[in-house]
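Undergrad: Numbering (this note's numbering), first residue to last: 1061 to 1361.
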Amino acid sequence: MKVTQTRTDWTLTGVPTSAGAHHAGQEKAPAALRACGLLDRLRAAGISVTDNGDLTGSVFRVDHDHPEARNVAAVAKVAREVASAVARQVQDGQRPLIVGGDCTITLGVVAGFRRVHPDVGLAYLDGDADLGALETAPSGILDAAGIAHLLGYGEPELTGLSGEAPLLQPGRLAIVGCDPREETDQGREFLADRGVSYTEAPELIADPEAAARKALAALAGGGPVIVHFDVDVVDSGDLPLGNFPHYNSGVRLEHAVRCLRVLTGDPSCAALVLTEVNPTYDGNGSLLGRYLEGLTSALVS
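1. What does the alpha-carbon distance come out to for the pair Arg1174 and Thr1166?
2. Is Ala1136 helix, strand or coil when you go by DSSP?
3. In three-state DSSP terms, what is Leu1072?
4. Would you kindly check if the distance between the Cβ of Ala1139 and the Cβ of Thr1164 is under 8 Å?
5. Straight-line CA distance for Asp1342 to Leu1348?
6. Along the chain, where does the alpha helix (DSSP H) that runs through Phe1173 open and close?
7. Can you tell which of Ala1143, Arg1101 and Arg1103 has its C-alpha closest to the C-alpha of Thr1073?
8. Sort Ala1171, Ala1095 and Ile1201 by Cα distance to His1124 and report the nearest one.
9. Helix, strand or coil for Gly1113? Go by DSSP, reduced to three states.
10. Could you give the distance in angstroms between the alpha-carbon of Gly1190 and the alpha-carbon of Thr1110?
11. Can you check whether the CB of Cys1238 is closer than 8 Å to the CB of Ala1261?
12. Output yes or no for whether 8 Å exceeds the beta carbon distance between Leu1299 and Val1236.
13. I think Leu1182 touches Leu1233, with their Cβ atoms under 8 Å apart; what is that distance to the nearest whole Å?
14. Quick one: measure Cβ to Cβ for Asp1179 and Gly1282, integer angstroms, because I've assumed they're closer than 8 Å.
15. Just tell me which of Asn1303, Val1293 and Arg1318 has its CA closest to the CA of Gly1310.
16. From the DSSP output, in three-state form, read off Val1236 for me.
17. In the DSSP assignment, what residue or residues form a beta bridge with Ala1330?
18. Would DSSP call Asp1290 helix, strand or coil?
19. Closest to Val1132 by CA distance: which of Leu1323, Ala1204 and Pro1090 is it?
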């Protein structure tokens, strides 16, 4: 791989948590990705990265006491720890690379940025719109409700992570890659009414770079941008690493990488969050290797 330049330094922090997930496994991702050569691959590609170690994290458990917000206390505790770590890094001029872990860690990343940059934006490359808290009969799985909580709907422990809700203004959010089979017309209307930029999987497949540019255009003119990359945006028939599968969505790893390259290559990109990798699905490490190859390619200009 030819390196054209060395990117701005990244500060890697692992968040070994599955507290907000459907089941355990994602808490193993930071260690598994390091063992598969995450740091060595990035550095070999000319990408400067410092490993800050892991935060405490938390493991999924069955929670019969809170069926509409499972493990909310653990999820909130991890998110607060993430927020504190991210705020320190941003204040020190670092560029966070947050490796999860389930999607609820992004709540903490946004909350941490807001302490320094209240106008932070979020490009959300994900197979789901994560509006679960708005459903009439929610599953209670909090990593399926991250966007709802960012916009101020759901559990006060999460919506209030940075003070008064919402954590994120709707105009500072761009969702990319959602599987159209996973979203309702009501959900689409909810996002449209609030001015959230929303791009579904077929548009991502047709032109990944254009989908990324659309998201960046929607976020232009504000503060720094966090890029969230949930591996479940990729068709599980191509890369079955996502904790929540999306079979036959048509989104290949190649599409996600091309989109991610534009998002992270933009000068506004100030952080990257990696979520939903479940290494227990990868018996021989080949899937993690493909994932890291794609990630490295995306981060090299």
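Ideal Cβ placement from N, Cα and C applies to all residues, glycine included. Just so you know, these numbers come straight off a predicted model, no measurement behind them.
TA: Judging by the given coordinates:
1. If you take the alpha carbons of Arg1174 and Thr1166, they lie about 12 Å apart.
2. Residue state, collapsed to three classes: helix.
3. strand
4. yes
5. Going by the C-alpha atoms only, they are around 7 Å apart.
6. Ile1165 to Arg1174
7. Ala1143
8. Minimum Cα distance to His1124 is reached at Ile1201.
9. strand
10. Sequence inspection shows Asp at residue 1190; the Gly mentioned does not correspond to that position. Using only the alpha carbons, I get a separation of about 31 Å.
11. yes
12. no
13. 5 Å
14. 5 Å
15. Val1293
16. strand
17. Paired residues: none, contrary to the question.
18. In the three-state reduction of the DSSP assignment, Asp1290 falls in the strand class.
19. Nearest in C-alpha terms to Val1132, of all of Leu1323, Ala1204 and Pro1090, is Ala1204.
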